[in-house]
Amino acid sequence: MDKNQYLDMFIDESTEHLQAINDNLLRLEKTPQDLTIIDEVFRSAHTLKGMAATMGFEDLTNLTHHMENVLDGIRNERIDAGSEVLDIVFDSVDDLEQMVTDVASGGEGRRDVSVIVDRLGRLEQDQPAAAAQSEYETLTFDEYETAVVEQGREQGYIPYQVFVSLSENVVLKAARVFMVFEALEKYGEVIKSVPSAEQLEEEAFDFDFQAIVLSSHAAEEIQAAVLKVSEVASVICAEADMHKPVSQERNITEKESSSTDSAIAERAAEPAKHAPAGKTIRVNIDRLDSLMNLFEELVIDRGRLEQISKELGSSDLTETVEHMTRISGDLQSIILNMRMVPVDQVFNRFPRMIRGLSKELGKQVELVISGAETELDRTVIDEIGDPLVHLLRNSIDHGIESPADRESSGKPAAGTVRLHAYHSGNHVFIEVSDDGAGINKEKVLQKAISGGVVSEEAASQLTDRQIYELLFSSGLSTAEQLSDISGRGVGLDVVKNKIETLGGTVTIDSSPGEGTVFSVQLPLTLSIISVMLVEVQQEKYAVPLSSIIETAIIKRSDIWSVQQQKVIDFRGHVVPLLDLTEFFQVPVAEEETDELSVVIVRKGEKMAALVVHRFIGQQEIVLKSLGDYLKNTKAVSGATILGDGQVALIIDCNALIQ
Amino acid sequence: METTAVGDVKLIVFQLQDEEYGAEVDKVRSIERMQHITRVPGTPDFVEGVMNLRGVVTPIIDLRRRFRMNKRETTDTTRIIIVQVGEMEVGLIVDSANDVIDIQQSNIEAAPDSAAEADDSCIRGVVKLENRLLILLHLEKVLDADELIAVENLEEHREL
Numbered sequence: 001m002d003k004n005q006y007l008d009m010f011i012d013e014s015t016e017h018l019q020a021i022n023d024n025l026l027r028l029e030k031t032p033q034d035l036t037i038i039d040e041v042f043r044s045a046h047t048l049k050g051m052a053a054t055m056g057f058e059d060l061t062n063l064t065h066h067m068e069n070v071l072d073g074i075r076n077e078r079i080d081a082g083s084e085v086l087d088i089v090f091d092s093v094d095d096l097e098q099m100v101t102d103v104a105s106g107g108e109g110r111r112d113v114s115v116i117v118d119r120l121g122r123l124e125q126d127q128p129a130a131a132a133q134s135e136y137e138t139l140t141f142d143e144y145e146t147a148v149v150e151q152g153r154e155q156g157y158i159p160y161q162v163f164v165s166l167s168e169n170v171v172l173k174a175a176r177v178f179m180v181f182e183a184l185e186k187y188g189e190v191i192k193s194v195p196s197a198e199q200l201e202e203e204a205f206d207f208d209f210q211a212i213v214l215s216s217h218a219a220e221e222i223q224a225a226v227l228k229v230s231e232v233a234s235v236i237c238a239e240a241d242m243h244k245p246v247s248q249e250r251n252i253t254e255k256e257s258s259s260t261d262s263a264i265a266e267r268a269a270e271p272a273k274h275a276p277a278g279k280t281i282r283v284n285i286d287r288l289d290s291l292m293n294l295f296e297e298l299v300i301d302r303g304r305l306e307q308i309s310k311e312l313g314s315s316d317l318t319e320t321v322e323h324m325t326r327i328s329g330d331l332q333s334i335i336l337n338m339r340m341v342p343v344d345q346v347f348n349r350f351p352r353m354i355r356g357l358s359k360e361l362g363k364q365v366e367l368v369i370s371g372a373e374t375e376l377d378r379t380v381i382d383e384i385g386d387p388l389v390h391l392l393r394n395s396i397d398h399g400i401e402s403p404a405d406r407e408s409s410g411k412p413a414a415g416t417v418r419l420h421a422y423h424s425g426n427h428v429f430i431e432v433s434d435d436g437a438g439i440n441k442e443k444v445l446q447k448a449i450s451g452g453v454v455s456e457e458a459a460s461q462l463t464d465r466q467i468y469e470l471l472f473s474s475g476l477s478t479a480e481q482l483s484d485i486s487g488r489g490v491g492l493d494v495v496k497n498k499i500e501t502l503g504g505t506v507t508i509d510s511s512p513g514e515g516t517v518f519s520v521q522l523p524l525t526l527s528i529i530s531v532m533l534v535e536v537q538q539e540k541y542a543v544p545l546s547s548i549i550e551t552a553i554i555k556r557s558d559i560w561s562v563q564q565q566k567v568i569d570f571r572g573h574v575v576p577l578l579d580l581t582e583f584f585q586v587p588v589a590e591e592e593t594d595e596l597s598v599v600i601v602r603k604g605e606k607m608a609a610l611v612v613h614r615f616i617g618q619q620e621i622v623l624k625s626l627g628d629y630l631k632n633t634k635a636v637s638g639a640t641i642l643g644d645g646q647v648a649l650i651i652d653c654n655a656l657i658q
Numbered sequence: 001m002e003t004t005a006v007g008d009v010k011l012i013v014f015q016l017q018d019e020e021y022g023a024e025v026d027k028v029r030s031i032e033r034m035q036h037i038t039r040v041p042g043t044p045d046f047v048e049g050v051m052n053l054r055g056v057v058t059p060i061i062d063l064r065r066r067f068r069m070n071k072r073e074t075t076d077t078t079r080i081i082i083v084q085v086g087e088m089e090v091g092l093i094v095d096s097a098n099d100v101i102d103i104q105q106s107n108i109e110a111a112p113d114s115a116a117e118a119d120d121s122c123i124r125g126v127v128k129l130e131n132r133l134l135i136l137l138h139l140e141k142v143l144d145a146d147e148l149i150a151v152e153n154l155e156e157h158r159e160l
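Line by line, the protein sequences are chains A and B. The first sequence: position 351 = 351 (UniProt numbering), numbered continuously. The second sequence: position 101 = 101 (UniProt numbering), numbered continuously.
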């Protein structure tokens, strides 16, 4: 078997299982008595072990095996799922994660697991080892299932236990299982399967499985129906004894010469349920990326066609181009949608991180996540993780007080950090808020003054919000003790820069004693944006529509001067005027006129009026980078290719407004 | 120098003023005719701007000005040599690109000291052929981003 073919699948699935283990362990910690959770953890671990073994990752298999033993101990109530035990399990999950990461980056997935295996081993031995129960062939029914069976009996339905063995050279196990179930359902209702339906779907079994069917038909009919499914080696169908397992001697029908005594691997706790059939396929992200790239080419050509059709003035051509524009608009929203992923992908690693962090800092923190289903473009998702980690760490390190401090100020000992995502207009907002001490303005000012960020005179005139904004300037950390969580010199300025390169903004609000809110605003997508094309002298520039408030024509006589700075009065606001010809040093080619075209843009609450020469119009454009060589170009966030094949620069309004 | 082993090196030969330069063929992606270049504000004067190279926005620098020679009007022979260094793809405007030649690694001589100093060691060496002298470019140095920033800072100072 060519392993590489399955490697991607292995990495994807094991990452998912590890995430599930992490999530469930956290749940388990909160409700240790809930044994269904440990069942789920156990199942994930078991599947993981199976996959790792198939792929030949020995260390992974070894560690999962020992972890599974401990989990089994917890499940059978031999081991108490206390904090220390879970710590060790969490540590093993960390190790597993690192091994999977190693595999993903092309490594062998090797790692010295002896220490952790030893710790796990000790956990197992500390507890009296229960006699290894045979998990095999025992079918247990819970109350619900028994009730269903009893009820069925009253209505003349007989519970049959169906053993199915697939032939050993079966190719698509899951598909065969599906066909078997389909066959069974023609005769009655499948109420349970061992292994569970999910495991069957994931092919987490060898060749045999069993199902309990409520049916009014005879056992032979059912048996014959299942046997018709190809690649089924043998079927045994017998009335189920609700207390004892069915003996396998009854009613064997051999289809091929194959035995049926191989064990059935797992006992399932839940009744078989058919997962809602949302049909999905996994698509490699690279393919989506290249689809997007191709589409971008198409958008550029579309712009070109629009221009040509305008020049030619042929109505047939114009009509066709308009139709194409509509279709490609739809196509665009579909492609963009496909690339949208829920922020949960980023959020799901935070509970685990917060747990470790609060232990490390001796604080009690509860993380409340809401809106994790909010979707963002994958490119944004990939980049947003680090800044959020930083904000969360910041909240716990600087925001949440120690339990003693909290109690003395009348708050619950455990602090709450909220992570809230929501969708609004063309943006997604992510808020990180805590109910900690709030920002100490005095301390921020002191630091800022001593660090030379602001002068003392200037400091006295700052509004609260402006003081908070100081936190984003480089070299400012207000934690008195440097912990290794935050305050490593990389401050909130890094967060701000990162978010701004993503085309977003971040703001702070805080009230003393009640906490702090960091609000991050992000664009839904990065690659295709709507812009207003303008001409400055003879050069074309694109201004993102998201920054534009409106466009206007003003008279030269309406321009005022305040301390050498030209301003205009725009709807009651004094707005500074910025001549793009001057700012971008554009070669002058136009005569001065009495009237000026201005684009009013904003950054947060600040505004500016950009003087241009002509408005060309609104257009969807594909954002392209200027490349590494020109990465430090000021006030230009990128470039785009216009319909005529020329490059136009995109103005970064955030950098224009100071 | 990276390689001192004996062997053939393929060079693209191009002209700047009355000098002949060479760049390794494996670093050259393509040679383009002059086309529309969009000026990028706030860059050193040797950065001509960016152009659309088959859908990729590519920075273009004027090699004459990079080496502090006089600017020349575009003619029929003017070419843009697209080179790739690391992850960067950059176009170099040259007077003309006329030849591809093979030279022996051993024919490369160190640049004369004065020249090396004068031009920020953008020169990797010289190659003497029968009746011509080729200047072998050090492309990494030509496209050194630090140089770009240094020049930018210099210009900002001048503005103040």
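We put the beta carbon where it would ideally sit given N, CA and C, even for glycine. Quick caveat, the model's predicted, so the values are computed rather than measured.
Under three-state DSSP, which class holds residue i?
i	result
residue 664(A)	A question about residue 664(A) goes unanswered here, because the residues of chain A that appear run from 1 up to 658.
Thr101(A)	helix
Glu366(A)	strand
Tyr541(A)	strand
Leu524(A)	coil
Leu166(A)	strand
Met9(A)	helix
Glu592(A)	coil
Gln466(A)	helix
Arg287(A)	helix
Thr581(A)	helix
Ile657(A)	coil
Ala639(A)	strand
residue 685(A)	Nothing about residue 685(A) can be read from this structure; chain A reaches only from 1 to 658.
residue 667(A)	What is shown of chain A runs 1 to 658, which leaves residue 667(A) out entirely.
Nearest CA to the CA of residue i: which residue from the options?
i	options	result
Ile88(A)	Gly107(A), Gln98(A) and Arg122(A)	Arg122(A)
residue 742(A)	Gln19(A), Tyr6(A) and Asp80(A)	No answer is possible for residue 742(A): the residues shown for chain A start at 1 and end at 658.
Val142(B)	Val90(B), Leu16(B) and Ile12(B)	Val90(B)
Leu35(B)	Cys122(B), Leu11(B), Glu24(B) and Thr58(B)	Correcting the residue type first, residue 35(B) is Gln in the shown sequence and not Leu. Checking every option, the nearest Cα to that of Gln35(B) belongs to Thr58(B).
Gly399(A)	Ala147(A), Asp435(A) and Asn24(A)	Asp435(A)
Ala609(A)	Glu469(A), Leu357(A) and Phe570(A)	Phe570(A)
Leu533(A)	Leu361(A), Gly152(A) and Gln618(A)	Gln618(A)
Ile21(A)	Ser561(A), Asp39(A), Ser530(A) and Tyr422(A)	Asp39(A)
Leu16(B)	Ile93(B), Arg39(B) and Glu24(B)	Ile93(B)
Leu623(A)	Lys634(A), Phe615(A), Gly638(A) and Arg614(A)	Gly638(A)
Ile528(A)	Val299(A), Leu227(A), Ala437(A) and Glu591(A)	Val299(A)
His427(A)	Asp405(A), Asn440(A), Gln521(A) and Gly513(A)	Gln521(A)
Thr101(A)	Gln19(A), Gln151(A), Asn169(A) and Phe181(A)	Gln19(A)
Asp18(B)	Ser96(B), Gly125(B), Lys27(B) and Ile80(B)	Ser96(B)
Ile508(A)	Ser473(A), Arg465(A), Pro523(A) and Val536(A)	Arg465(A)
Glu375(A)	Ile384(A), Glu366(A), Val341(A) and Asp386(A)	Val341(A)
Since residue i and residue j should fall inside the 8 Å C-beta cutoff, what is the C-beta to C-beta distance between them, to a whole number of angstroms?
i	j	result
Val343(A)	Ile396(A)	Between Ile396(A) and Val343(A) the Cβ distance is about 20 Å, and since that is not below 8 Å, they are no contact.
Glu32(B)	Leu53(B)	7 Å
Met67(A)	Ser92(A)	5 Å
Leu60(A)	Met99(A)	5 Å
Glu431(A)	His420(A)	5 Å
Glu383(A)	Leu502(A)	6 Å
Kindly provide the ranges of any beta strand (DSSP E) runs that are 3 or more residues long and lie completely inside the UniProt domain "CheW-like" (8-148) of chain B, ordered along the chain. 8-16, 19-24, 28-33, 47-53, 56-62, 79-85, 88-94, 96-104, 123-128 and 133-137
Ranges of the beta strand (DSSP E) found wholly within the segment 369-439 of chain A, counting only runs of at least 3: Counting whole runs of 3 or more residues, the segment 369-439 of chain A contains the beta strand (DSSP E) stretches 375-377, 415-424 and 427-434.
Kindly confirm or deny that the segment 213-229 of chain A and the segment 147-165 of chain A touch, where touching means at least three C-beta pairs closer than 8 Å. yes
Could you tell me which uninterrupted beta strand (DSSP E) segments, each at least 3 residues in length, are contained entirely in the segment 32-90 of chain A, listed from first to last along the chain? none
Evaluate contact between the segment 97-107 of chain B and the segment 639-646 of chain A, counting only Cβ atoms and requiring at least three cross-stretch pairs below 8 Å. no
Contact the segment 325-335 of chain A vs the segment 299-315 of chain A: 3+ CB pairs below 8 Å: yes
Would you call the segment 646-653 of chain A and the segment 555-575 of chain A in contact, with 3 or more CB pairs under 8 Å? Note that the segment 646-653 of chain A does not touch the segment 555-575 of chain A; fewer than 3 beta-carbon pairs, one per stretch, sit closer than 8 Å.
Mind the definition here: the segment 355-372 of chain A touches the segment 451-463 of chain A only if three or more C-beta pairs lie below 8 Å; say whether that holds. no
Is the segment 625-634 of chain A in contact with the segment 540-547 of chain A, if contact means three or more CB pairs nearer than 8 Å? By the criterion of at least three beta-carbon pairs nearer than 8 Å, the segment 625-634 of chain A is not in contact with the segment 540-547 of chain A.
Are the segment 60-67 of chain B and the segment 39-47 of chain B touching by the rule of at least three beta carbon pairs closer than 8 Å? yes
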